[in-house]
Amino acid sequence: NIATTSIGVSTGASSGSIRWEVDKNSITSERKLSPSVKVGGIKWALCFRKSVDDENELRAFLCLIEGDYGVQSVDVSIDIILINHDDDAKTIIRKEDECSHYDSKHDSWGYWDLAKWSDVIDEGKGFIKNDKLTLHCDFSLIKIRGFRKHRRFNFTDPNEVSLDVALVIEGEKVYINKGYLSINSPIFQAMFYGDFAEKDKKEIEVKDIKKEEFLEMLNVIYPPHKKITDESVNFLAKLGDRFEIDMVMKAVEQFLIASETMSNSAKLLYADEYHLYKLQDHCLDQLTKPKDVKDLKSSIHYRDFSDAMIVTLFEKLTKLID
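Under UniProt numbering, the residue at position 145 of the sequence shown is numbered 145, and the numbers go up by one with no gaps.
Written out as structure tokens, the structure reads:
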């Protein structure tokens, strides 16, 4: 479990703070994000992970989470703090003399070596209290360049131009354009134009999905095509697969291939479950020695692999041994 004890934005419009209390057992090599805060019209989140190399260090970063704004660049002053509950003097405070520069290629800055993991989990060192550690981040936006707000559709507004039918999700109406959604989804094409009862309805109920997640998917489909994030990739893959939306599945696959924080085993599970063959080839290319394949068997994802994936991994192992 990951618990948030305090998270908020400071009074200045261009500065913020995130304080995050984290269960020590939740920290793995996979990146985890705090709930986001909005500062300067931009969403930010604190993230952490444990290194997978022999150094075993705690890593922490401030991440720019794309909201309604397209960013060119922003300079940010960042302080990341690991609280020592026993002695304030031993609290770890990391800050740079120069600002961190965020742009389209760099959405996170912080410290790869915030603290030795052995020190963090040693209760005698004072960083753990009630099996939790506390991370804090203070940040200020120093200079913003070229932020421009992209026009997005308001899918909850019945007066939005070009939206001609309402989907009822969790009891609330979401307005969409039948033609545009049908072009992207054979499921919706059949629903709107096939021999179904929904064909002539102005309101159509869609069950077993969450409204906010469906809205996120619509923002990926509609221009300016919102980017996928660590927070959204899982439910977008499920929705894209359910409604057979190729645009969403391609975006999911591209995001996963480019991800530097998700483990290879997690990526393989996505490739296996959603038939993402480019992603599968990418993951298999990362297996360069027999030990890499054998290590997958100890991952938490291995038990969920299909028989076909296990056969594929066995064939890969055989080639590496030969």
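Virtual Cβ for every residue (Gly too), placed ideally from N, Cα, C.
Give the list of continuous alpha helix (DSSP H) stretches no shorter than 4 residues that lie fully inside the region 76-126. The region 76-126 contains these whole alpha helix (DSSP H) runs: 117-121.
For Lys-202 versus Ala-166, is the C-beta distance shorter than 8 angstroms? yes
Establish whether the CB of Glu-203 and some CB of chain B are separated by less than 8 angstroms. Absent here is chain B; the protein component of the structure consists of one chain.
So, are the CB atoms of Ile-142 and Val-76 less than 8 angstroms apart? Result yes, Cβ atoms of Ile-142 and Val-76 sit closer than 8 angstroms.
Where does Arg-303 land, buried or exposed, given buried means 16+ other C-beta within 10 angstroms? exposed
Where the beta strand (DSSP E) containing Thr-134 begins and where it ends: 132-145
CB-CB under 6 angstroms to Cys-47, same chain, minus the five flanking residues each way: which ones, in chain order? Arg-31, Leu-33, Phe-61 and Cys-63
Tyr-102 and Arg-59 - do their beta-carbons sit closer together than 8 angstroms? no
Count the C-beta pairs between the region 167-175 and the region 188-206 that are closer than 8 angstroms, then say yes if the count reaches three, no if not. yes
Which two residues bound the contiguous alpha helix (DSSP H) that contains Arg-242? 233-242
Which of the three DSSP states, helix, strand or coil, is assigned to Ile-321? helix
Quick one, which of Glu-253, Ile-310 and Phe-153 has its alpha-carbon nearest Tyr-277's? Glu-253
Is the distance from the Cβ of residue 329 to the Cβ of Asp-272 below 8 angstroms? Residue 329 lies beyond the residue range present for the chain, which begins at 1 and ends at 322; the question has no answer from this structure.
From the DSSP output, in three-state form, read off Glu-205 for me. strand
At which residues does the beta strand (DSSP E) containing Lys-250 begin and terminate? Not the beta strand (DSSP E): Lys-250 falls in the alpha helix (DSSP H), residues 246-258.
In this structure, does DSSP put Ser-17 in helix, strand or coil? strand
Can you tell which of Asp-131, Pro-224, Glu-212 and Lys-95 has its C-alpha closest to the C-alpha of Ser-26? Asp-131
How big is the Cα-Cα spacing for Ser-182 and His-275? 22 angstroms
Tell me which residues share the same chain as Tyr-270 and place their Cβ nearer than 7 angstroms to its Cβ, disregarding the 5 neighbours each side in the sequence. Ala-237, Leu-256, Leu-276 and Leu-279
Range covered by the beta strand (DSSP E) that runs through Phe-192: Here Phe-192 belongs to no beta strand (DSSP E); instead the alpha helix (DSSP H) covers 186-193.
Given Thr-91 as reference, the closest of Met-247, Phe-314, His-136 and Tyr-193 once Cα atoms are compared: His-136 is the residue among Met-247, Phe-314, His-136 and Tyr-193 whose C-alpha sits nearest the C-alpha of Thr-91.
Quick check on Ala-45: buried or exposed, where buried means 16 or more other Cβ atoms within 10 Å of its Cβ? buried
Tell me whether Arg-303 sits in a helix, a strand or coil according to DSSP, three-state version. helix
If you draw a straight line from the alpha carbon of Tyr-69 to that of Asn-56, how long is it in whole angstroms? Below a pLDDT of 50, predicted positions are generally treated as unreliable, and Tyr-69, at 48, falls in that range; no measurement from the model is reported.
On the criterion of 16 or more Cβ atoms from any shown chain inside 10 Å, does Thr-134 qualify as buried, or is it exposed? buried
Mind reading off the beta-carbon distance from Ser-306 to Phe-243? Whole number of angstroms is fine, and I expect it under 8 angstroms. No, Ser-306 and Phe-243 are not in contact; Cβ-Cβ is about 22 angstroms, not under 8 angstroms.
Check for me: the alpha helix (DSSP H) holding Phe-61 runs from which residue to which? Looking at the DSSP string, Phe-61 is not in any alpha helix (DSSP H); the run it does join, the beta strand (DSSP E), is 57-65.
I'd like the span of the alpha helix (DSSP H) that includes Ala-266, first residue to last. Where Ala-266 is concerned, the enclosing alpha helix (DSSP H) stretches over 264-274.
Less than 8 angstroms separating the beta-carbons of Glu-212 and Leu-239? no
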